[in-house]
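Encoded as C-alpha coordinates, the structure appears first; notes follow it.
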Amino acid sequence: MEPLTGRWLQRCKAAAILALGAALLLSACAGLRTDYQIARERAASYVAGHPDLDPEVAGAIKANQVRKGMTKEQVVAAWGRPAAIKRFRNGALEQWLFGCDYPHICNSPGSFREAHAMMIDEYYNSQAFFENGVVTDFKS
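Residue numbers (this note's numbering): 280 to 419.
Written out as C-alpha coordinates, the structure is:
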(Lines of atoms letter the chains of each structure in order from A and count residues from 1; the text may use other names and numbers.)
(Lines give C-alpha, C1' and ligand atoms only; values in the text may rest on other atoms or scores of the structure.)
Protein backbone atom coordinates (compact mmCIF):
# COMPACT_ATOMS: atom_id res chain seq x y z
CA MET A 1 0.00 0.00 0.00
CA GLU A 2 2.88 2.38 0.68
CA PRO A 3 4.13 2.56 -2.95
CA LEU A 4 0.62 3.50 -4.15
CA THR A 5 0.37 6.26 -1.54
CA GLY A 6 3.84 7.53 -2.49
CA ARG A 7 2.92 7.67 -6.18
CA TRP A 8 -0.34 9.34 -5.35
CA LEU A 9 1.48 12.01 -3.31
CA GLN A 10 3.96 12.58 -6.15
CA ARG A 11 1.12 13.07 -8.60
CA CYS A 12 -0.66 15.46 -6.25
CA LYS A 13 2.54 17.49 -5.81
CA ALA A 14 3.09 17.56 -9.56
CA ALA A 15 -0.51 18.65 -10.15
CA ALA A 16 -0.21 21.35 -7.49
CA ILE A 17 3.03 22.64 -9.02
CA LEU A 18 1.46 22.70 -12.49
CA ALA A 19 -1.62 24.51 -11.18
CA LEU A 20 0.53 27.05 -9.37
CA GLY A 21 2.65 27.58 -12.49
CA ALA A 22 -0.45 28.07 -14.63
CA ALA A 23 -1.90 30.54 -12.12
CA LEU A 24 1.34 32.53 -12.05
CA LEU A 25 1.53 32.57 -15.84
CA LEU A 26 -2.07 33.73 -16.19
CA SER A 27 -1.68 36.43 -13.55
CA ALA A 28 1.47 37.69 -15.28
CA CYS A 29 -0.42 37.97 -18.58
CA ALA A 30 -3.34 39.77 -16.96
CA GLY A 31 -1.42 43.05 -17.04
CA LEU A 32 -0.63 42.84 -20.74
CA ARG A 33 -2.47 45.21 -23.05
CA THR A 34 -3.32 44.70 -26.69
CA ASP A 35 -2.26 47.05 -29.50
CA TYR A 36 -5.90 48.18 -29.65
CA GLN A 37 -5.96 49.08 -25.95
CA ILE A 38 -2.63 50.90 -26.15
CA ALA A 39 -3.77 52.92 -29.19
CA ARG A 40 -7.07 53.87 -27.55
CA GLU A 41 -5.39 54.85 -24.28
CA ARG A 42 -2.73 56.91 -26.08
CA ALA A 43 -5.38 58.79 -28.08
CA ALA A 44 -7.67 59.40 -25.09
CA SER A 45 -4.76 60.62 -22.98
CA TYR A 46 -3.67 63.09 -25.67
CA VAL A 47 -7.18 64.47 -26.16
CA ALA A 48 -7.70 64.81 -22.39
CA GLY A 49 -4.42 66.72 -22.10
CA HIS A 50 -5.34 69.11 -24.93
CA PRO A 51 -8.83 70.49 -24.13
CA ASP A 52 -8.41 73.29 -26.70
CA LEU A 53 -8.29 70.85 -29.64
CA ASP A 54 -10.68 71.40 -32.51
CA PRO A 55 -13.58 68.95 -31.89
CA GLU A 56 -13.14 67.37 -35.34
CA VAL A 57 -9.44 66.74 -34.72
CA ALA A 58 -10.15 65.42 -31.22
CA GLY A 59 -12.76 63.02 -32.62
CA ALA A 60 -10.40 61.79 -35.31
CA ILE A 61 -7.62 61.17 -32.78
CA LYS A 62 -9.99 59.26 -30.47
CA ALA A 63 -11.02 57.12 -33.46
CA ASN A 64 -7.33 56.52 -34.33
CA GLN A 65 -7.73 58.38 -37.61
CA VAL A 66 -5.59 60.98 -39.35
CA ARG A 67 -6.87 64.11 -41.11
CA LYS A 68 -5.22 66.66 -43.38
CA GLY A 69 -3.93 69.61 -41.40
CA MET A 70 -2.92 67.58 -38.32
CA THR A 71 0.45 68.19 -36.71
CA LYS A 72 3.07 65.47 -36.23
CA GLU A 73 2.23 65.31 -32.53
CA GLN A 74 -1.46 64.74 -33.34
CA VAL A 75 -0.59 61.99 -35.83
CA VAL A 76 1.51 60.24 -33.18
CA ALA A 77 -1.46 60.49 -30.80
CA ALA A 78 -3.79 58.95 -33.39
CA TRP A 79 -1.53 56.36 -35.03
CA GLY A 80 1.50 55.97 -32.78
CA ARG A 81 5.14 56.44 -33.71
CA PRO A 82 6.16 55.69 -37.30
CA ALA A 83 8.24 52.63 -38.14
CA ALA A 84 10.23 54.64 -40.69
CA ILE A 85 10.52 58.23 -41.87
CA LYS A 86 11.65 59.40 -45.30
CA ARG A 87 12.74 63.02 -45.65
CA PHE A 88 12.86 65.08 -48.84
CA ARG A 89 13.81 68.66 -49.75
CA ASN A 90 16.06 69.11 -46.71
CA GLY A 91 13.36 67.82 -44.37
CA ALA A 92 10.57 70.14 -45.51
CA LEU A 93 8.70 67.09 -46.82
CA GLU A 94 8.36 63.88 -44.84
CA GLN A 95 6.73 60.54 -45.46
CA TRP A 96 5.95 58.55 -42.32
CA LEU A 97 5.47 54.80 -42.66
CA PHE A 98 3.64 53.00 -39.88
CA GLY A 99 4.19 49.47 -38.55
CA CYS A 100 1.85 46.54 -38.44
CA ASP A 101 0.26 47.09 -35.02
CA TYR A 102 -3.29 48.46 -34.54
CA PRO A 103 -4.71 50.44 -36.34
CA HIS A 104 -2.37 49.52 -39.21
CA ILE A 105 -1.96 46.49 -41.43
CA CYS A 106 0.95 45.49 -43.61
CA ASN A 107 1.16 43.67 -46.88
CA SER A 108 2.64 40.24 -46.43
CA PRO A 109 5.00 39.01 -49.14
CA GLY A 110 4.22 35.56 -50.47
CA SER A 111 7.81 34.38 -50.72
CA PHE A 112 11.35 35.25 -49.71
CA ARG A 113 12.02 36.60 -53.21
CA GLU A 114 8.91 38.81 -53.06
CA ALA A 115 9.95 40.08 -49.64
CA HIS A 116 13.28 41.31 -51.02
CA ALA A 117 11.61 42.83 -54.08
CA MET A 118 9.01 44.78 -52.06
CA MET A 119 9.70 48.44 -51.57
CA ILE A 120 9.21 49.76 -48.06
CA ASP A 121 6.25 51.84 -49.32
CA GLU A 122 4.54 48.66 -50.54
CA TYR A 123 4.92 46.90 -47.19
CA TYR A 124 3.57 49.61 -44.91
CA ASN A 125 -0.01 50.44 -45.90
CA SER A 126 -0.49 53.31 -43.43
CA GLN A 127 1.44 56.41 -44.42
CA ALA A 128 1.27 60.11 -43.60
CA PHE A 129 2.78 62.85 -45.76
CA PHE A 130 3.90 66.12 -44.18
CA GLU A 131 4.94 69.49 -45.51
CA ASN A 132 6.53 71.76 -42.92
CA GLY A 133 5.18 69.59 -40.10
CA VAL A 134 1.54 69.46 -41.23
CA VAL A 135 -0.29 66.52 -42.84
CA THR A 136 -0.92 67.15 -46.53
CA ASP A 137 -2.03 63.61 -47.38
CA PHE A 138 -2.30 60.16 -45.84
CA LYS A 139 -3.35 56.63 -46.65
CA SER A 140 -4.33 53.70 -44.50
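We treat Cβ as the ideally placed atom computed from N, Cα and C, and that holds for glycine.
{"Asked": "Cβ neighbour criterion (16 or more within 10 Å) applied to ALA295", "Found": "exposed"}
{"Asked": "Any non-hydrogen atom of the ligand ADP closer than 7 Å to PRO334 Cβ", "Found": "The ligand ADP is not part of the structure shown, which contains no ligands of any sort."}
{"Asked": "7 Å CB neighbourhood of ALA371 in its chain, flanking five on each side removed", "Found": "GLU410 and ASN411"}
{"Asked": "Bounding residues of the beta strand (DSSP E) (the contiguous stretch that carries ASP416)", "Found": "413-418"}
{"Asked": "Beta-carbon contacts of ALA363 that lie in its chain and below 8 Å, excluding the five residues immediately before and after", "Found": "TRP375, LEU376, ILE399 and TYR403"}
{"Asked": "7 Å CB neighbourhood of ILE340 in its chain, flanking five on each side removed", "Found": "ALA322, TYR325, VAL326, GLN353, ALA356 and ALA357"}
{"Asked": "Option in ASN369, LYS365, PRO334 and PRO361 with minimal Cα separation from GLY378", "Found": "PRO361"}
{"Asked": "Rounded separation between ALA293 and ASP380 - CA only", "Found": "39 Å"}
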